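Asks: Numbering (UniProt numbering), first residue to last: 1 to 408.
#1: Can you list, in chain order, the residues of its chain whose CB lies under 6 Å from that of residue 485, leaving out five sequence neighbours each side?
#2: Compare the C-alpha of residue 214 against each of 236, 269 and 188 and name the closest.
#3: Starting from the C-beta of residue 275, find all residues in its chain whose C-beta is less than 6 Å away, skip the five residues before and the five after it, and write them out in chain order.
#4: So who's on the other strand from residue 268, going by DSSP bridges?
#5: Pick out the complete beta strand (DSSP E) segments inside the region 324-368, 3 residues or longer, and give them in chain order.
#6: Given a cut-off of 8 Å on the beta-carbon distance, is the pair residue 65 and residue 107 in contact?
#7: Between which two residues does the beta strand (DSSP E) carrying residue 314 extend?
#8: When burial is assigned at 16 or more other CB atoms within 10 Å of the CB, is residue 149 buried or exposed?
#9: Taking DSSP as the reference, what is the three-state secondary structure of residue 169?
#10: Helix, strand or coil for residue 303? Go by DSSP, reduced to three states.
#11: So residue 79 and residue 58 are in contact, right, with Cβ under 8 Å, and what is the actual spacing, rounded?
#12: Taking DSSP as the reference, what is the three-state secondary structure of residue 291?
#13: Just curious, the beta strand (DSSP E) that residue 375 is in, first and last residue?
#14: Between residue 227 and residue 186, which are expected to be in contact by the criterion C-beta below 8 Å, what is the C-beta distance as a whole number of angstroms?
#15: Which of the three DSSP states, helix, strand or coil, is assigned to residue 254?
#16: Where does residue 160 land, buried or exposed, given buried means 16+ other C-beta within 10 angstroms?
#17: For the pair the region 320-328 and the region 215-224, tell me if three or more CB-CB distances fall below 8 Å.
#18: Within the same chain, show all residues whose beta-carbon is closer than 7 Å to that of residue 401, passing over the 5 residues directly before and after it, in chain order.
#19: On the DSSP bridge assignment, give the partners of residue 198 in chain order.
#20: How would you label residue 180, buried or exposed, when you count the other beta carbons within 10 angstroms and need 16 or more for buried?
#21: Note the first and the last residue of the continuous alpha helix (DSSP H) segment covering residue 228.
#22: I'd like the list of long-range same chain contacts for residue 320, defined as Cβ closer than 8 Å, with 5 residues on each side in sequence excluded.
#23: From the DSSP output, read off the bridge partner residues of residue 278.
#24: Have a look at residue 36 and residue 71 and give me their C-alpha separation to the nearest angstrom.
#25: Between 384, 385, 355 and 339, which lies nearest to residue 368 when the distance is taken from Cα to Cα?
#26: Could you tell me the alpha carbon to alpha carbon distance between residue 350 and residue 361, rounded to whole angstroms?
#27: Distance check for residue 190 and residue 172, CA to CA, integer angstroms please.
#28: With C-beta atoms as the reference, is residue 302 less than 8 Å away from residue 254?
#29: What span of residues does the beta strand (DSSP E) with residue 404 cover, start to end?
#30: For the alpha helix (DSSP H) containing residue 419, list its first residue and its last residue.
#31: Please return the same chain residues whose Cβ sits closer than 8 Å to the Cβ of residue 98, not counting the five positions on each side in sequence.
#32: From residue 304 to residue 310, what does the alpha carbon distance come to, in whole angstroms?
#33: Locate the alpha helix (DSSP H) running through residue 103, then write down its first and last residues.
#34: How far does the alpha helix (DSSP H) with residue 131 in it extend, from its first residue to its last?
#35: In angstroms, rounded to a whole number, what distance separates the CA positions of residue 137 and residue 131?
#36: Please classify residue 20: does DSSP put it in a helix, a strand, or coil?
Rendered as structure tokens:
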């Protein structure tokens, strides 16, 4: 076998001591350096970001104006996400952006960035990834407007480049000298639903950075769990069953020495985590629900886990969010004002509801004008299944605050 000599062992001990000292005294700088070293491995970066959150460190999204290729720490001690860690971007486009920024200063908005940067290096696909990651959040009203304005920005940048090539002074030439005289207008559209925003972050960063998928469900989930968050969980008395909810961040099935199958999943509600065990009968019934990134509502008994030192739940019943809605919701409320309603909106509303008419939840339309308010109940043939897809479609159509589930 191979044995370490004394000098080798001493060197490892010294490196370990130095590493621990840096992590303890300069935690943000240390973690930024570690993430930079592993930035080509998204899975490792995701794990390191999770470690940063456990350490109480704040991580800011990538930023096209203040960001660098690598992770770094700003003057407030916050870690700024490295633009180079965005999937699908690459070093060339980032170098082009930073070169243009160093030459002409911070970018004012999307049109300014496209006009000043070499679009041969910074193509549409790369720009879409940057928008989805949150890197352009300070350049426009919201990500949907940025994405919907991208075609116009690239077209204007192309015209600017052609005009420069033939020595003409176009509107961008004026803009460069007198920026206050010209304003570019962004596409008028509804912001993306939070889940669409977070899905974009997950696709480009490998994780949710500006929010948590469970945030949009918290008000609803309180109905199912009695307002108890995972951080508030306590061991239950024998025979007593409680309900918890969270996003599945890990799930697996293992086989014991006796050949029995056990399902294990970890729920996260951003306040804490809970390990859930599903033994043979429960696993046979609910295994199809044990998928990462699915929100589950689980009922069972909670006890101390001697191995991890935390808590664990032995599950008796498991539901996903759609099943919980079908069980507990009493209606789907849609609120509209007289200023909103027209034939086009009503037609789009019908198109959104149509594919979901196989459910059990009645639809209620609340109509309001200055002098009156009415509640209209859709017929029984318009009962729906209140899936995320339906709710997101409706909220994108008329606004997030105007679509709600009703409970007793």
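Ideal Cβ placement from N, Cα and C applies to all residues, glycine included. All values derive from a computational prediction rather than experimental measurement.
Replies: Concretely, from the data shown:
#1: Examination of residue 485 is not possible in this model, given that the chain is present from 1 through 408 alone.
#2: Mapped onto the chain shown, residue 214 falls at position 214. Among 236, 269 and 188, the Cα nearest to that of residue 214 is on 269.
#3: In the chain shown, counting from the first residue as 1, residue 275 sits at position 275. Taken in chain order, the residues that qualify are 266 and 312.
#4: The residue you call residue 268 lines up with position 268 of the chain shown. Paired residues: 247 and 273.
#5: 331-337
#6: Along the chain shown, one-based indexing puts residue 65 at 65. Along the chain shown, one-based indexing puts residue 107 at 107. Going by C-beta atoms, residue 65 is nearer than 8 Å to residue 107.
#7: Numbered from 1 along the chain shown, position 314 holds the residue referred to as residue 314. Residues 311-320.
#8: Sequence index remark: in the chain shown, residue 149 carries index 149 (1-based). Buried, by the Cβ-count rule.
#9: Counting from one through the chain shown, the residue named residue 169 turns up at place 169. Low local confidence applies: a pLDDT of 49 at residue 169 is under 50, so the model's placement there is unreliable, with the coordinate-based value given in what follows. Reduced to three states, the DSSP call for residue 169 is coil.
#10: Translated into positions along the chain shown, residue 303 becomes position 303. DSSP places residue 303 in strand when its eight states are reduced to three.
#11: Working through the chain shown from its first residue, we reach residue 79 at position 79. Working through the chain shown from its first residue, we reach residue 58 at position 58. With 8 Å as the limit, residue 79 and residue 58 qualify as a contact, their Cβ atoms being about 7 Å apart.
#12: Numbered from its first residue, the chain shown carries residue 291 at position 291. In this structure, residue 291 counts as coil in the three-state DSSP scheme.
#13: To locate residue 375, count along the chain shown from 1; it is residue 375. Counting along the chain, the beta strand (DSSP E) containing residue 375 begins and ends at 372-377.
#14: For this step, residue 227 is matched to residue 227 along the chain shown. For this step, residue 186 is matched to residue 186 along the chain shown. With a Cβ gap of about 40 Å, residue 227 and residue 186 do not count as contacting.
#15: Counting from 1 along the chain shown, the entry for residue 254 is found at position 254. Of the three classes helix, strand and coil, the one that applies to residue 254 here is strand, per DSSP.
#16: Reading the chain shown from its first residue, position 160 is the one you call residue 160. By the neighbour-count rule (16 or more Cβ atoms within 10 Å), residue 160 is buried.
#17: yes
#18: As a working note, residue 401 is residue 401 in the chain shown. So the list is empty, once near-sequence residues are dropped.
#19: Mapped onto the chain shown, residue 198 falls at position 198. Bridge partners of residue 198: none, in fact.
#20: Within the chain shown, the letter at position 180 stands for residue 180. Low per-residue confidence applies at residue 180: pLDDT is 40, beneath 50, and the placement is therefore not dependable, though the value from the model is reported in the following sentence. Exposed, by the Cβ-count rule.
#21: Here the question's residue 228 lines up with position 228 in the chain shown. Unbroken run through residue 228: none, as it is neither H nor E.
#22: For the purposes of this step, residue 320 is taken as the residue at position 320 of the chain shown. So the qualifying residues of the chain are 289, 294, 295, 296 and 297.
#23: Reading the chain shown from its first residue, position 278 is the one you call residue 278. Answer is 263.
#24: Counting from 1 along the chain shown, the entry for residue 36 is found at position 36. Counting from 1 along the chain shown, the entry for residue 71 is found at position 71. Cα to Cα, residue 36 sits roughly 6 Å from residue 71.
#25: Counting from one through the chain shown, the residue named residue 368 turns up at place 368. Of the listed residues, the one whose Cα sits closest to residue 368 is 339.
#26: Taking the first residue of the chain shown as 1, we reach residue 350 at position 350. Taking the first residue of the chain shown as 1, we reach residue 361 at position 361. Residue 350 and residue 361: Cα-Cα distance of roughly 16 Å.
#27: Start at 1 with the first residue of the chain shown, and residue 172 comes out as number 172. Start at 1 with the first residue of the chain shown, and residue 190 comes out as number 190. Unreliable placement is indicated for residue 172, whose pLDDT of 49 sits below 50; the coordinate value is still reported in the next sentence. Distance between the alpha carbons of residue 172 and residue 190 is about 28 Å.
#28: Taking the first residue of the chain shown as position 1, residue 302 is located at position 302. Taking the first residue of the chain shown as position 1, residue 254 is located at position 254. Contact: no.
#29: The residue labelled residue 404 in the question sits at position 404 within the chain shown. Where residue 404 is concerned, the enclosing beta strand (DSSP E) stretches over 403-406.
#30: An answer regarding residue 419 cannot be provided, because it is not within the stretch 1 to 408 covered by the chain.
#31: Here residue 98 refers to the residue found at position 98 when the chain shown is read from its first residue. Within the same chain, residue 98 has close Cβ partners 68 and 69.
#32: Your numbering for residue 304 matches position 304 in the chain shown. Your numbering for residue 310 matches position 310 in the chain shown. Taking the straight line joining both Cα atoms gives about 6 Å.
#33: For this step, residue 103 is matched to residue 103 along the chain shown. Here the alpha helix (DSSP H) through residue 103 covers 91-104.
#34: Here residue 131 is taken as the residue at index 131 of the chain shown, counted from 1. First-last of the alpha helix (DSSP H) with residue 131: 124-133.
#35: The residue given as residue 137 occupies position 137 in the chain shown. The residue given as residue 131 occupies position 131 in the chain shown. If I take the Cα positions, the gap works out to 7 Å.
#36: Looking up residue 20 in the chain shown gives position 20. Note: residue 20 maps to helix in three-state DSSP.
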